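Taking the UniProt record's numbering, the leading residue of the sequence shown gets 1, the next gets one more, and so forth.
No residue lacks a Cβ here, since even glycine has one placed at the ideal position from N, Cα and C.
This structure is a prediction, so every number in the text was calculated from the model and none was measured.
First the structure, in the form of structure tokens, and then the observations on it.
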Amino acid sequence: MGCTASMEPTTLMPRVTIQTRPKTEFVISHSAAPAPPQRYGETQHVLGWIHSRVYLLSAMGFERQAIVSRIDPFTGHFQYVRHAPSIQAALQEMPDFIKTREFPMILGLRVHGSHSYLLVANSLKQTCTLPPGHRVYTVSETEWVPVQTEGTLSKLEKEDLDAMLKYSLDDLHICCETYDLTLPWPNNADPYQQSDSIEFAFNHSLRQPFLRDRDLRQLCPALVQGMAQQRPLNGDGSANMIYLVRKSILNPGPRFLARGLNHNFGPANEYECELLLWRIEGTPELATHHWSSLVWRRGSVPLKWQSVTSGLTESLVVEEDSADTAEWYYYSLMQRYAYFLRHPESFTKMEGNQWVSKAAFEPGTSGSILQSVRLDQELNPHNKVYVESSPELESDVNMWDSKSCDVPLPNAAIPEDLGNSGSFRTVHRQPEPPSLPLTCISLLRVDPSSSEHALNSAFINSVPVVLQRLCRCVEHARSSSTHGDGSKIFGSLDLDVKQVDWHSEAKLHGPLKAASLVLDVYQDKQDHGFSHGTFKVDGQVNFIEAVIHQQQKGILRPNCKDSLDRTNLACFWMSLKFLPAMSREVNVDPYVYSPAFDPSQDRRATSAEELLRQLDRSVVAKLAEIFLICGDVCAMLYTRSAAMHSEMIRSLLQQSLRGLPAVPAVPIPVPEKRSNVRIGLQRLVENHLNDAERQRALTVILDMKPGVVAA
């Protein structure tokens with residue numbers, strides 16, 4: 001069901017439906033730490049009238065007091081009135097208040113002409129819980145509620161408003177009230193502060209009327225296009241697997257109107273994906289969380305190209321200088337993942353210790369991490385912060401961890417050969433910042449007769465051009481002071497493009513052969529790594545100790561023409577490939593490996609068949625279910641159709657379920673077989689008829705303006 005709008009606010013009836021799965025699926029275990037903050041109830045909003053003036057009463061689940069606000073008739077925005085002990089207490093002091101509706105979440109406000117519309121969620125479904133207890137919701141039903149409709153709209157304004165009201169948001173967006181979903185795990189960003197990066201906040205513009213008011217900013221969490229799914233790895237729920245997908249808004253248009261790079265240097269249908277494993281142990285008074293996380297990107301080819309349609313056929317047109325401005329996209333990745341060189345901070349709103357990482361010292365400074373630890377222990381003797389000790393750390397507290405990046409120590413002593421004299425002298429040199437390893441896996445067709453051939457060739461040939469221009473891009477950013485401290489950001493890019501013609505390989509040798517070729521690329525790039533660490537929280541959700549044992553070093557990026565079906569398959573096999581190593585770091589590998597697999601054997605699977613034999617069938621089934629959902633979500637956002645070429649994942653799901661010794665406690669549904677031809681025709685018709693209308697709606701919702709760049 002898409003967004004709806006009711007035109008008579010005084011006749012609106014309360015409608016609140018909060019759908020949640022059974023608690024056993026989301027309560028980690030009886031020994032889990034309480035959800036942050038300690039008092040975390042259900043959020044409730046009540047909308048009503050007092051003498052033709054719209055009032056809003058809000059009780060946030062993570063706050064102790066309710067907030068009373070009302071519409072400013074001059075701006076169309078809500079303005080703060082006062083705090084109240086509760087909504088009930090506020091209502092007792094407002095005898096003339098006429099309640100029109102209730103809803104569990106506000107997602108934004110749009111002032112359109114002289115009218116104001118409040119975007120609300122009528123129905124939420126909790127689909128994930130990020131440790132130690134951040135509830136992530138999928139928005140199941142949304143509605144645009146008119147809160148001010150005085151005055152008349154022009155014809156153009158009416159058409160824009162109609163497109164906005166018809167745009168469907170349901171089941172394709174996620175939100176969280178206590179954690180910033182727009183940033184990779186783990187982060188301690190305040191989810192209600194203005195963020196430096198707005199790339200993944202779909203309602204960034206809609207939130208501004210609330211974020212600009214200090215007293216109202218917590219009324220509206222960030223809304224992210226994508227999905228969040230969680231599956232338990234064991235029976236008691238103490239070990240879990242989470243998959244997060246967030247869509248970039250830099251190039252948000254529908255399929256035929258958003259191709260390649262746009263003026264924001266954003267590729268069409270671009271996503272950031274995260275696979276998170278975590279295990280909890282301990283007591284409610286002191287719980288230990290072990291986690292591992294893999295971050296990657298997926299998107300369409302980051303070049304300038306377009307689609308030209310004629311009837312039911314489509315041809316691709318690649319611009320002559322297709323790599324023009326592409327370097328700025330890669331530069332944005334260097335900025336986004338600069339935290340690979342630093343230590344992530346704690347990821348809760350509550351006060352507590354920040355994260356400590358052996359892989360992220362501030363180079364060339366006296367305030368080293370060991371000094372910080374010693375100072376913290378002096379000030380807080382009851383708190384412990386672990387740094388894994390080593391001779392290198394004790395000898396030089398200002399070094400970068402060699403496992404994180406192979407660069408000399410900043411300002412380190414370097415022996416220099418003086419030539420024939422046979423002697424050396426010591427000099428101090430400031431090394432260049434390290435490079436970000438980025439591997440793109442192109443799944444395009446390579447056959448010269450294919451329409452994708454020209455695009456694939458342009459992608460391969462763009463690498464040296466992009467790298468050359470990227471150097472100038474970095475120098476320009478440095479000179480304009482936007483690049484930041486060179487020791488805290490990547491100075492260059494180690495870009496590599498690998499080719500796997502998925503469709504041709506699958507047709508000639510079967511889909512498992514195509515998957516094996518993709519797995520070969522992942523095997524060669526295992527040194528990109530993943531992050532893992534531990535943290536402890538007490539009964540008050542205060543962090544007692546935290547350590548990051550390893551930080552991810554590089555990024556993988558599968559892509560096909562549309563960043564849809566083939567890309568989803570490549571991401572599925574990426575998750576299967578990295579899952580065993582990630583599970584070992586969290587000590588959940590007994591739930592991931594097949595009972596028949598001998599742990600003493602070589603764990604490096606050389607083919608898709610061998611990898612499937614190593615993994616437990618239930619884990620394969622759960623991942624397959626998650627990626628079937630992901631395929632449909634990404635396809636629906638871009639094409640308004642279901643995913644194609646999902647038969648491979650569907651078959652693996654069926655085979656895995658048949659091989660299970662017992663029926664799963666939570667039944668896993670197997671979707672019906674789909675016709676790729678039928679879906680393809682549906683996409684063409686849908687995109688031809690409705691893409692212009694959807695583009696118009698996105699322009700209004702996002703308040704899109706030309707020339708807004710990622711940085």
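Span separating the alpha-carbon of residue i from that of residue j
{"i": "residue 588", "j": "residue 278", "result": "8 Å"}
{"i": "residue 566", "j": "residue 559", "result": "8 Å"}
{"i": "residue 29", "j": "residue 238", "result": "For residue 29, the predicted model reports a pLDDT of 25, less than 50, meaning its position is unreliable and no value from the coordinates is stated."}
{"i": "residue 696", "j": "residue 205", "result": "16 Å"}
{"i": "residue 64", "j": "residue 225", "result": "30 Å"}
{"i": "residue 188", "j": "residue 585", "result": "23 Å"}
{"i": "residue 538", "j": "residue 134", "result": "16 Å"}
{"i": "residue 568", "j": "residue 436", "result": "24 Å"}
{"i": "residue 93", "j": "residue 219", "result": "22 Å"}
{"i": "residue 716", "j": "residue 123", "result": "The question about residue 716 has no answer, for the chain in this structure spans 1 to 711."}
{"i": "residue 100", "j": "residue 73", "result": "19 Å"}
{"i": "residue 701", "j": "residue 162", "result": "12 Å"}
Residue of the options minimising C-alpha distance to residue i
{"i": "residue 503", "options": "530, 561, 637 and 257", "result": "561"}
{"i": "residue 252", "options": "658, 637, 459 and 657", "result": "637"}
{"i": "residue 631", "options": "71, 227, 73 and 689", "result": "227"}
{"i": "residue 330", "options": "644, 131 and 555", "result": "555"}
{"i": "residue 731", "options": "700, 670, 618 and 564", "result": "An answer regarding residue 731 cannot be provided, because it is not within the stretch 1 to 711 covered by the chain."}
{"i": "residue 499", "options": "276, 668 and 445", "result": "445"}
{"i": "residue 712", "options": "116, 183, 181 and 163", "result": "Residue 712 is absent from the structure shown; the chain starts at 1 and stops at 711."}
{"i": "residue 59", "options": "257, 105 and 496", "result": "105"}
{"i": "residue 121", "options": "84, 83, 175 and 94", "result": "175"}
{"i": "residue 335", "options": "477, 575, 676 and 98", "result": "477"}
{"i": "residue 140", "options": "132, 125 and 618", "result": "125"}
{"i": "residue 95", "options": "49, 687 and 327", "result": "49"}
{"i": "residue 685", "options": "310, 454 and 628", "result": "310"}
{"i": "residue 276", "options": "241, 339 and 318", "result": "241"}
{"i": "residue 527", "options": "223, 82, 294 and 62", "result": "294"}
Residue environment, residue i, which counts as buried when at least 16 other CB atoms sit within 10 Å
{"i": "residue 698", "result": "buried"}
{"i": "residue 89", "result": "exposed"}
{"i": "residue 186", "result": "buried"}
{"i": "residue 552", "result": "buried"}
{"i": "residue 509", "result": "exposed"}
{"i": "residue 68", "result": "buried"}
{"i": "residue 306", "result": "exposed"}
{"i": "residue 323", "result": "buried"}
{"i": "residue 300", "result": "buried"}
{"i": "residue 596", "result": "exposed"}
{"i": "residue 35", "result": "In this prediction, residue 35 scores a pLDDT of 40, lower than 50, which makes its location untrustworthy; the coordinate-derived value is nonetheless stated afterwards. Buried, since its Cβ has 16 or more Cβ neighbours within 10 Å."}
{"i": "residue 703", "result": "exposed"}
{"i": "residue 614", "result": "buried"}
{"i": "residue 428", "result": "Note on residue 428: pLDDT 49, under 50, position unreliable in the model; no value is reported."}
{"i": "residue 516", "result": "buried"}
{"i": "residue 543", "result": "buried"}
{"i": "residue 129", "result": "buried"}
{"i": "residue 270", "result": "buried"}
{"i": "residue 471", "result": "exposed"}
{"i": "residue 392", "result": "Here residue 392 scores only 35 on pLDDT, less than 50, and its place in the model should not be relied on; the value that follows carries that caveat. The residue is exposed, with fewer than 16 neighbouring Cβ atoms inside 10 Å."}
{"i": "residue 259", "result": "buried"}
{"i": "residue 501", "result": "buried"}
{"i": "residue 265", "result": "buried"}
{"i": "residue 577", "result": "buried"}
{"i": "residue 475", "result": "exposed"}
Rounded Cβ spacing between residue i and residue j (contact assumed at less than 8 Å)
{"i": "residue 633", "j": "residue 172", "result": "6 Å"}
{"i": "residue 646", "j": "residue 603", "result": "Residue 646 to residue 603, Cβ: 28 Å. No contact."}
{"i": "residue 136", "j": "residue 127", "result": "6 Å"}
{"i": "residue 439", "j": "residue 297", "result": "The Cβ separation is near 10 Å, so there is no contact."}
{"i": "residue 102", "j": "residue 54", "result": "The Cβ separation is near 14 Å, so there is no contact."}
{"i": "residue 257", "j": "residue 199", "result": "That pair is no contact at about 19 Å."}
{"i": "residue 716", "j": "residue 694", "result": "Shown here, the chain extends from 1 to 711; a query on residue 716 therefore has no answer."}
{"i": "residue 184", "j": "residue 274", "result": "6 Å"}
{"i": "residue 44", "j": "residue 87", "result": "6 Å"}
{"i": "residue 231", "j": "residue 626", "result": "7 Å"}
{"i": "residue 495", "j": "residue 466", "result": "7 Å"}
{"i": "residue 131", "j": "residue 263", "result": "Their Cβ separation, rounded to whole angstroms, is 39 Å, which puts residue 131 and residue 263 out of contact at 8 Å."}
{"i": "residue 536", "j": "residue 287", "result": "7 Å"}
### Given 8 Å, three or more beta-carbon pairs between the segment 644 to 657 and the segment 603 to 610
Short answer: they don't touch.
**Prompt:** Would you call the segment 108 to 122 and the segment 72 to 88 in contact, with 3 or more CB pairs under 8 Å?
**Reply:** Contact between the segment 108 to 122 and the segment 72 to 88 is present, because at least three Cβ pairs lie under 8 Å.
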